[in-house]
């Protein structure tokens, strides 16, 4: 027969025999590995070198299996899974995680194969289990290197890149880490790393797009960049709203939104996967405001030197397209706003669009919409003192946000909760 008929809650389900056998095999393998971990922990108290001795024995066994070609893939897969479990189970013993990490690194991508994907999965599990900090740092460095180099190969269409076949597995591992890592400090640290990787990929993609033919600019410049958006969204979902972030994190968020505007991730146009757009909306809910954090105007002046929006790499047509987008979003725009928009540099136009998309998405998708964020922009010293009329533009964005706030309130039940939200917003409006 081609399948087994299995009854679950009265429903007959045809399950292939191969899947059934594989499930039984994995159950047996996992049980064996658990018992091995128990034995190793007991042996460790008598012989701290039992894990290195096991690795030496496994290396010889793998070498013999590769030479004979008999069940080589199965032996390698079982070995990798076993070592991943040992690294997690004995993570509190000296040098166990380090030794296993070194073993993985020696075999990783030596000859591209499906085993590399399995190694990536085990490395992700080691991070989630909170192995040693130096192990965490090294694994995250590996993941960043793989993602960047795989992205560069995508831009150059280099089929020989050794990491192409594992780039998807790394993104999946990062998503698992984002969804399962414990501890507020650990989550915040991961957020910084993910945003740093996003910005680095954005820089690499922008460099590639400047060299690419016009027809290929959008596809080549996005590269692996958008794939990180759902990963960041998974982590953001587990964090509280980010208010008054440290300067480094604040700048990373500002660059994140600039790249999202430049790459088109803020538009639901169908150009990119819908998961990316959904992720951007989720990130908007918890994202900090893009206001300056000091009483000087230096941050607004520094904006023009940000890699995502450097003016010298932009054509007049691109700049005009951004200005048209702004005026379309702010329609009907007062004359002073239209005049100000027409004078904006590329950096200023991109920043204004970042504010527009962030704050409109925040008000539309938040369970607790508030007008406070947009008033933070209007009271921002740097925006108020800007001589190009940026404050008038932000004020016009505020009108749109206020309209969306009223729409959000009108759809909520007319109860005490809604009245409380409106009362909280009234002093902001009057003030």
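Numbering (full-length UniProt numbering), first residue to last: 1 to 431. For glycine and all other residues, C-beta sits at the position ideal for the given N, C-alpha and C.
{"Check": "Can you give the Cα-Cα distance for residue 228 and residue 43, rounded to whole angstroms?", "Outcome": "42 angstroms"}
{"Check": "Reducing DSSP to helix, strand and coil, say where residue 265 ends up.", "Outcome": "coil"}
{"Check": "Can you give me the C-alpha to C-alpha distance between residue 76 and residue 33, rounded to a whole angstrom?", "Outcome": "14 angstroms"}
{"Check": "Is the separation between the beta-carbon of residue 81 and that of residue 106 shorter than 9 angstroms?", "Outcome": "no"}
{"Check": "Following the continuous alpha helix (DSSP H) through residue 362, name the residue where it begins and the one where it ends.", "Outcome": "346-365"}
{"Check": "Going by the CB atoms, is the gap between residue 178 and residue 166 shorter than 9 angstroms?", "Outcome": "no"}
{"Check": "Please confirm if residue 108 has its CB atom under 9 angstroms from at least one CB of chain C.", "Outcome": "In the structure shown, chain C does not exist; there is a single protein chain."}
{"Check": "Can you name, in chain order, every residue of its own chain whose Cβ lies under 7 angstroms from the Cβ of residue 366, other than the five neighbours on each side?", "Outcome": "285"}
{"Check": "Touch check for the stretch 405-421 and the stretch 339-351: three-plus C-beta pairs under 8 angstroms?", "Outcome": "no"}
{"Check": "Shortest alpha-carbon distance to residue 163 belongs to which of 174, 144, 175?", "Outcome": "144"}
{"Check": "Whole angstroms are fine: how far does the CA of residue 256 sit from the CA of residue 264?", "Outcome": "12 angstroms"}
{"Check": "Looking at residue 236: is its Cβ nearer than 9 angstroms to the Cβ of residue 191?", "Outcome": "yes"}
{"Check": "What separation, rounded to the nearest whole angstrom, lies between the Cα atoms of residue 278 and residue 331?", "Outcome": "25 angstroms"}
{"Check": "Tell me where the alpha helix (DSSP H) around residue 107 begins and ends.", "Outcome": "96-107"}
{"Check": "Is it buried or exposed for residue 326, if we count other Cβ within 10 angstroms and need 16 for buried?", "Outcome": "buried"}
{"Check": "Mapping DSSP to helix, strand and coil, what is residue 281?", "Outcome": "helix"}
{"Check": "In chain order, what residues of the same chain lie with their CB nearer than 7 angstroms to the CB of residue 183, ignoring the 5 residues before and after it?", "Outcome": "none"}
{"Check": "Which residues in the same chain as residue 215 place their Cβ atom closer than 6 angstroms to its Cβ, once the five residues preceding and following it in sequence are excluded?", "Outcome": "With a pLDDT of 42 at residue 215, under the threshold of 50, the modelled position of that residue is not reliable, and the figure given next carries that caveat. Result list for residue 215: empty, nothing under 6 angstroms."}
{"Check": "Using the C-alpha atoms, what's the distance from residue 97 back to residue 116?", "Outcome": "18 angstroms"}
{"Check": "Check residue 331 in the structure and name its three-state DSSP category.", "Outcome": "coil"}
{"Check": "Go ahead and pull the three-state DSSP assignment for residue 482.", "Outcome": "Since the first and last residues shown for the chain are 1 and 431, residue 482 lies out of range."}
{"Check": "Kindly indicate which residue of 368, 282, 401 has the alpha-carbon position closest to the one of residue 376.", "Outcome": "401"}
{"Check": "Indicate whether residue 355 and residue 394 have their beta-carbon atoms separated by less than 9 angstroms.", "Outcome": "yes"}
{"Check": "What are the boundary residues of the alpha helix (DSSP H) that includes residue 375?", "Outcome": "372-378"}
{"Check": "In this structure, does DSSP put residue 128 in helix, strand or coil?", "Outcome": "helix"}
{"Check": "Between which two residues does the alpha helix (DSSP H) holding residue 75 run?", "Outcome": "72-89"}
{"Check": "Using the three-state DSSP reduction, which class does residue 179 fall into: helix, strand or coil?", "Outcome": "helix"}
{"Check": "Identify, in the order they occur along the chain, each residue of the same chain with its Cβ nearer than 7 angstroms to the Cβ of residue 323, setting aside the five sequence neighbours on each side.", "Outcome": "341, 342, 344, 349"}
{"Check": "If you check the beta carbons only, do residue 234 and residue 169 fall under 9 angstroms apart?", "Outcome": "no"}
{"Check": "Please work out which residues of its chain come closer than 7 angstroms, Cβ to Cβ, to residue 360, disregarding the five sequence neighbours upstream and downstream, and give them in chain order.", "Outcome": "400, 401, 404"}
{"Check": "For the candidate residues 78, 109, 347, 61, whose alpha-carbon lies nearest to that of residue 27?", "Outcome": "78"}
{"Check": "Determine the DSSP secondary structure at residue 64, reduced to helix, strand or coil.", "Outcome": "helix"}
{"Check": "From residue 194 to residue 230, what does the alpha carbon distance come to, in whole angstroms?", "Outcome": "11 angstroms"}
{"Check": "Would you report the Cα separation of residue 92 and residue 240, rounded to the nearest angstrom?", "Outcome": "30 angstroms"}
{"Check": "Less than 7 angstroms between C-beta atoms, sequence neighbours within five positions excluded: which residues of the same chain meet that for residue 383?", "Outcome": "377, 390, 391, 394"}
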